[in-house]
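S.K.: Provided herewith is a single structure, encoded as structure tokens, for subsequent inquiry.
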Amino acid sequence: SYDTRVPGSFLFTGPGVSASGTFDPIKTGAGDHRIQYVYTATNTGCKDSAKQNIKVWPLPEARFKIDELRCENNTTKMTSLSVANAGELNQWIWDYGDGSQRDTIQTIDRTEHNYKKWGSYTVSLKVKTNNGCYSEEVTNTIDVHPLPKVAFNLPKACLPEAKAIFVNNSSIADATDTWMTYRWDFNDPINNTGSVSRDGIHTFYSVGPFAVKLTIT
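In my numbering, the protein residues as written are 628 to 844.
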């Protein structure tokens with residue numbers, strides 16, 4: 628602003644200052660910059676000037692990593708690796724890319740999110756410093772994997788030595804069943820041997836019931 632009590636004209640000069648007197652920090656970059664103000668009286672031509680430093684803060688840089696375990700209906704963890712460059716980070720703004728509300732966190736640089744459906748998502752992060760500077764938004768595309776659907780048939784087996792074959796009918800939506808591993812627990816107190824084959828095979832020596840469990844990874 629300038630003093631209108633004395634008719635005259637004013638001029639701002641210095642690095643990053645336009646002819647209209649607007650300062651552009653993009654042109655100067657970060658650092659301390661000297662701005663000069665000159666006022667000239669219309670009637671007398673007398674001039675007076677003042678100088679003042681203006682400080683331009685560097686922008687923070689947003690970076691983040693996502694944990695490798697990314698399964699639908701499970702917690703996916705994300706950690707910010709952002710750099711303040713000046714001051715301190717005090718806000719992390721996450722967009723999980725699934726249409727949910729943006730998550731603004733002001734205390735910690737980590738977050739987690741539960742994706743209800745498997746598929747590809749674009750996650751983004753923007754950070755803010757205590758100087759009021761916001762970073763550019765950075766993005767990362769992640770693949771959230773489907774959970775296997777576990778299913779198996781109950782066999783008929785007869786004592787005294789009941790060999791049972793549990794036919795595995797499990798499936799997975801992205802057809803990656805060749806990558807799946809299996810663990811059978813037959814809950815048999817007499818024969819506690821489990822199985823890691825696709826179809827469970829077990830010999831029972833007593834009458835049940837037995838709570839047979841199949842876990843797929």
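Beta carbons are placed, not taken as given, at the ideal position from N, Cα and C, and that holds for glycine.
Just the Cα atoms here: how many angstroms apart are residue 636 and residue 671?
M.R.: For the purposes of this step, residue 636 is taken as residue 9 along the sequence shown, with counting starting at 1. For the purposes of this step, residue 671 is taken as residue 44 along the sequence shown, with counting starting at 1. Each residue's Cα considered, the two are about 12 Å apart.
S.K.: Report, in whole angstroms, the separation of the C-beta atoms of residue 594 and residue 814, which I expect to be a contact under 8 Å.
M.R.: Only positions 628 to 844 of the chain appear in the structure, and residue 594 is not among them; the question remains open.
S.K.: Answer with buried or exposed for residue 687, where buried requires no fewer than 16 other C-beta atoms within 10 angstroms of its C-beta.
M.R.: As a first step, residue 687 must be located in the sequence shown, where it is residue number 60. Counting other Cβ atoms within 10 Å of its Cβ, residue 687 reaches 16 or more and is therefore classed as buried.
S.K.: Got a sec, what are the start and stop residues for the alpha helix (DSSP H) residue 653 sits in?
M.R.: One-based indexing of the sequence shown puts residue 653 at position 26. Taken as a continuous stretch (DSSP letters only), the alpha helix (DSSP H) holding residue 653 covers 652–655.
S.K.: If you scan the segment 693–724 from start to end, which runs of the beta strand (DSSP E) of 3 or more residues do you find wholly inside it?
M.R.: Counting only runs of 3+ residues, the beta strand (DSSP E) found wholly inside the segment 693–724 occupies 702–707 and 716–722, in chain order.
S.K.: Assign residue 752 to buried or exposed, taking buried as 16 or more other Cβ atoms, counted over all protein chains shown, within 10 Å of its Cβ.
M.R.: Residue 752 sits at position 125 when you count from the first residue of the sequence shown. By the neighbour-count rule (16 or more Cβ atoms within 10 Å), residue 752 is buried.
S.K.: Provide the residue span of the beta strand (DSSP E) that contains residue 771, from first to last.
M.R.: Sequence index remark: in the sequence shown, residue 771 carries index 144 (1-based). Its beta strand (DSSP E) spans residues 765–771.
S.K.: Rounding to the nearest angstrom, what Cα-Cα distance links residue 674 and residue 651 in this structure?
M.R.: On the sequence shown, residue 674 is found 47 positions in, with the first residue counted as 1. On the sequence shown, residue 651 is found 24 positions in, with the first residue counted as 1. Going by the C-alpha atoms only, they are around 26 Å apart.
S.K.: Would you call residue 834 buried or exposed, if buried means 16 or more other Cβ atoms sit within 10 Å of its Cβ?
M.R.: As a position in the sequence shown, residue 834 is number 207, starting the count at 1. Label assigned to residue 834: exposed.
S.K.: Helix, strand or coil for residue 736? Go by DSSP, reduced to three states.
M.R.: Counted from its first residue, the sequence shown places residue 736 at position 109. Coil at residue 736, not helix or strand.
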